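Have a look at the structure below, then the notes.
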Amino acid sequence: MGKRINRQSVVTLLGVLLVYAIVQGSILMDILPPFVALTLIQVCIFIILSTSLNLINGITGQFSIGHAGFMAIGAYMAAIVVVKFQGPLMLALLAGALVSALAGFLIGLPTLRLKGDYLAIATLGFGEIVRIIFLNMEYVGGASGFSVPKTITWTWAFWLMVISVIIIRNFIYSTHGRACISIRENEIAADVMGINTTKYKIMAFTIGAFFAGLAGGIYANYLYIIQPLTFSFLKSFDILVMVVLGGLGSLTGSILGAVVMTVVSAALSGWPEWRLVITAILLIVMMIFRPKGLLGTKEFSLSFLGKKGEKNASSKD
Amino acid sequence: MGNVTEQVLQQIVNGLSLGSIYALVALGYTMVYGIIKLINFAHGDVMMVGAYAGWFATTTLHLSFIPALLIAMVVSAILGVLIERIAYKPLRNATRIASLITAIGVSFFLEYGGMLVVSPQMRTYPPVFPDTIWNVGGIIIKYGDIVMILTSIILMILLHVIVKYSKIGKAMRAVSFDNEAALLMGINVNNTISATFAIGSALAAAAGVLMGVYFNTINPLMGIIPGLKAFVAAVLGGIGIIPGAMVGGFFLGLTESFVSGLGASTWRDAVAFLILILVLIIKPSGLFGKNIREKV
C-alpha cells in the first residue's frame, strides 16, 4: 500500500476536470452542436457499460454476452420510477441499478456453474428473455416504447461515469478484485488456494449488472423513449466489441474502446450496414492477429510522469 | 372434446414442420461443435445465404425445387468451408473465447454484408409447390408440410449413412473423438474439419430453402433467431451428439407450436431460451449427453 495520492492520480483528476470543463463550457456558451452533445453523453453511457462488462468478461474471465439485458432492466426500472411514480432522478437511477444488480445476482446463482461458451449462450438467452418480457408488458408500452422525460444533462452523465469507473477500478485493485483475477487465470488453482470462486464470480456479475443498470437508467432518462428493440443482442454485441477491442482485462482499454467505437458509430451513422460490416471485420482480424485487444490486460498509465506511478495490478509478469 | 384433439394434432403437424428446420440447422451446430468445440454462431447466417441462393435459383434461373435446393446446398457448403479456412482455422489453438468472438464477428459480417449485397428488403419466394391442402379429419396438412418433413428425413438418413459408413464419416468421428490420435493415424484433420463444415452448411442451406418456401419471405436477418433456436435444440439433445440434435430440433418445434397454439405466440422466443437455461442448469450435457469430469 503506497501513498494514496500520487502524481498520477492528481494528473488524472486534472484531466477529468479539464474534459468536463471544456464540454460544460461549450454547452453553456451554446457552441456545441446537438449531435456532438448526444455523442458525448453516449460515450459516457458506453464507458459505464464497457467497464462493467470488462469486470465480468475481462477481469473475472467469465463470458457474458447478455449485457444489454441488464441495461434494459435498469432503463425500464428507472423509467417506471420517474414516469409512473414521479420519483426523483437520483432515486430512479439507483432503483434501476439495484434491480438490475438483483437480476444479475439471481441469474448468476445458477448460470455461473456453467463455463465458457455455455455461460455465453445462457447469458444471451437471458438477454433475449428480458427483451421479450418488456416487449409483452403493456404497462411499459410494449413494442411501441416508453416515453421518458429528458432530465439527464452532461453533468449527470459525466460524473456518474467517473464515479462508476472509480468504483470499478477500486474493486479491481482490492482483495476481491485480485481474487477475481485469480479466477480468470486459473479457476481450479484459485479454488485450491482457498478462494471461494462461486462467491467472487457472482460478486463480479452482480456489480457488473449494477453498473449496466445504471447506464440503462441514464440512457432512458436522456433519449426521450426506450424500446425493447434497443436492448437486443446487437447492443450486447456493441458493448462486447468495445471491451474486446480495448483489451479484455484492461479498464483503460475498455474506456478507449468505448470512446473509439461510439465516435466511429456516430461518424458512420448514415451507413449502419457498413458500420456493422467494418466492426465485424475488425473483430475477426483482431482475434486472429491480436487476440488480447489493443491494450491486452495492461493499463494505459501515466506512470512515466513520475517515479511514484502505480504498478499494474493485472499484469502477469 | 373433438375440437381439442384436432387442435393438438394440428399443432403436432405444424410443430413437426418447424422442428425439421430446427433439426437440420442443429445438426450443423452439433457436428461442428463435436469436431472443433466451437459454437459456430454464423451457422444461422449460412442458412440465410442458402435461402438466398435457393431464391436466386428459383426466380432468376427458373429452376424447380430440387435443383434449387441442390444449388443452395453447394453454395452454402463452399461458404462454410471458406469461413472455416479464413476465420476459424487460424484460431484453432487459441482460447475458446477468442474463437467464439470470431464466430460472432463472422455472423455479423454475413448479416450486414448480406444487407449490403442483397438490400435489407424482404424477398418473396415464388410458389414452387402446388397449393394442395389435405383436410384429414379437420387437420390441415399443406403440401409444404409433407415436403418439409420428407426432405429433412431424407437428408438425416443420408447424413447418418455418411457419418456411419463412409470413409470421411469415420474420419469425422475419429477426429471428434481424439484430434491428435487421429492425426497420428494418418487422418487429414484439416480436410476432415472442412468436410464437416461443408456438410453442416449444406444441411443449413436445405433448412434455409425449406424455410423460404414454407414462410414465403426471406431477409438478411432471417438466420439469427432460427439459428439461436437451433443451437438451443442442439444443446437440448446434447451438443456434439447427432441423434440428439434431431430429437432436440423436433422437440423445440413441437413446444413452440403448442405455445403458439395456446395463443401466446409473442412468448414463443422466450420459451425457447427458457428451455435453454433450464437445460443448462439441470443437465448441461443435454438429454443424450454423458457427464465428463474435468481432469486437473
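For the record, the sequence lines run as chains B and G.
All the letters of the first sequence, read from the start, carry residue numbers 1 to 317 under the working numbering.
All the letters of the second sequence, read from the start, carry residue numbers 1001 to 1296 under the working numbering.
For glycine and all other residues, C-beta sits at the position ideal for the given N, C-alpha and C.
Keep in mind it's a predicted model, so treat the numbers as computed, not measured.
- Judged by DSSP in its simplified three-state form, isoleucine 22/B adopts helix.
- Under the 8 Å criterion on CB atoms, alanine 280/B is classed as interfacial with respect to chain G.
- Contact of valine 244/B with chain G is assigned, a C-beta pair being separated by under 8 Å.
- Neighbourhood of leucine 276/B in chain G, by CB distance below 7 Å: Phe1108, Tyr1112, in chain order.
- CA-to-CA, the gap between phenylalanine 1041/G and valine 1049/G works out to about 14 Å.
- In the three-state reduction of the DSSP assignment, lysine 1142/G falls in the strand class.
- Identification of chain B residues near leucine 1276/G by a Cβ-Cβ cut-off of 8 Å yields Ile121, Ala122, Gly125, ordered along the chain.
- Per DSSP, reduced to three states, the secondary structure at isoleucine 226/B is strand.
- In this structure, the alpha-carbon of leucine 1116/G lies about 30 Å from that of valine 130/B.
- The beta carbon of isoleucine 181/B sits no closer than 8 Å to any beta carbon of chain G.
- Contact fails between the region 252 to 261 of chain B and the region 198 to 217 of chain B, because fewer than three Cβ pairs, one in each stretch, are under 8 Å apart.
- For the pair glutamine 1010/G and isoleucine 1139/G, the CB atoms are nearer than the 8 Å cut-off.
- The beta carbons of glycine 1248/G and leucine 1236/G sit about 4 Å from each other, so the pair counts as a contact at 8 Å.
- Between isoleucine 1277/G and alanine 204/B the beta-carbon gap is near 20 Å, outside 8 Å, which marks them as no contact.
- A Cβ of chain B is located within less than 8 Å of the beta carbon of arginine 1096/G.
- Per the C-alpha coordinates, the member of Thr1124/G, Glu1084/G, Asn1219/G, Ile1012/G positioned closest to valine 1118/G is Asn1219/G.
- Looking only at Val23/B, Met29/B, Tyr76/B, the smallest Cα-Cα distance to glycine 213/B is reached by Tyr76/B.
- Taking a cut-off of 8 Å for Cβ pairs, the region 177 to 185 of chain B and the region 90 to 108 of chain B do not touch, as fewer than three such pairs fall below it.
- Judged by beta-carbon spacing, valine 1232/G lies within the 8 Å limit of leucine 1252/G, meaning their Cβ atoms are closer than that value.
- Between valine 148/B and tyrosine 224/B, the gap from beta carbon to beta carbon is short of 8 Å.
- It is roughly 13 Å from the alpha-carbon of alanine 1051/G to the alpha-carbon of proline 1226/G.
- Here the alpha carbons of asparagine 1014/G and asparagine 1179/G stand approximately 40 Å from one another.
- Nearest to isoleucine 133/B by alpha-carbon distance, out of Leu1280/G, Leu1274/G, Gly1286/G, Phe1288/G, is Leu1274/G.
- Here the alpha carbons of lysine 1037/G and threonine 1095/G stand approximately 11 Å from one another.
- Taking a Cβ-Cβ threshold of 7 Å, none of the residues of chain B is close to alanine 1234/G; the smallest such distance is about 10 Å.
- Nearest CB-CB separation between phenylalanine 1273/G and chain B: below the 8 Å threshold.
- Under the Cβ criterion (8 Å, minimum of three pairs), the region 1016 to 1036 of chain G counts as touching the region 1183 to 1201 of chain G.
- The alpha-carbon separation between glutamine 62/B and glycine 104/B amounts to approximately 13 Å.
- Residue pairing for asparagine 1135/G: DSSP places it in a beta bridge opposite Ile1140/G.
- Taking a beta-carbon distance threshold of 8 Å, glycine 1105/G counts as an interface residue toward chain B.
- The region 237 to 248 of chain B and the region 275 to 291 of chain B touch, with no fewer than 3 CB-CB distances between them shorter than 8 Å.
- Around the beta carbon of glycine 1044/G, 16 or more other beta carbons lie within 10 angstroms, which makes this residue buried.
- In this structure alanine 1181/G is exposed. Its beta-carbon is surrounded by fewer than 16 other beta-carbon atoms within 10 angstroms.
- Beta bridge pairing from DSSP links arginine 1123/G with Ile1218/G.
- Under the three-state reduction of DSSP output, serine 1201/G falls in the helix class.
- Using a Cβ distance threshold of 8 Å, phenylalanine 211/B and serine 50/B do not count as a contacting pair.
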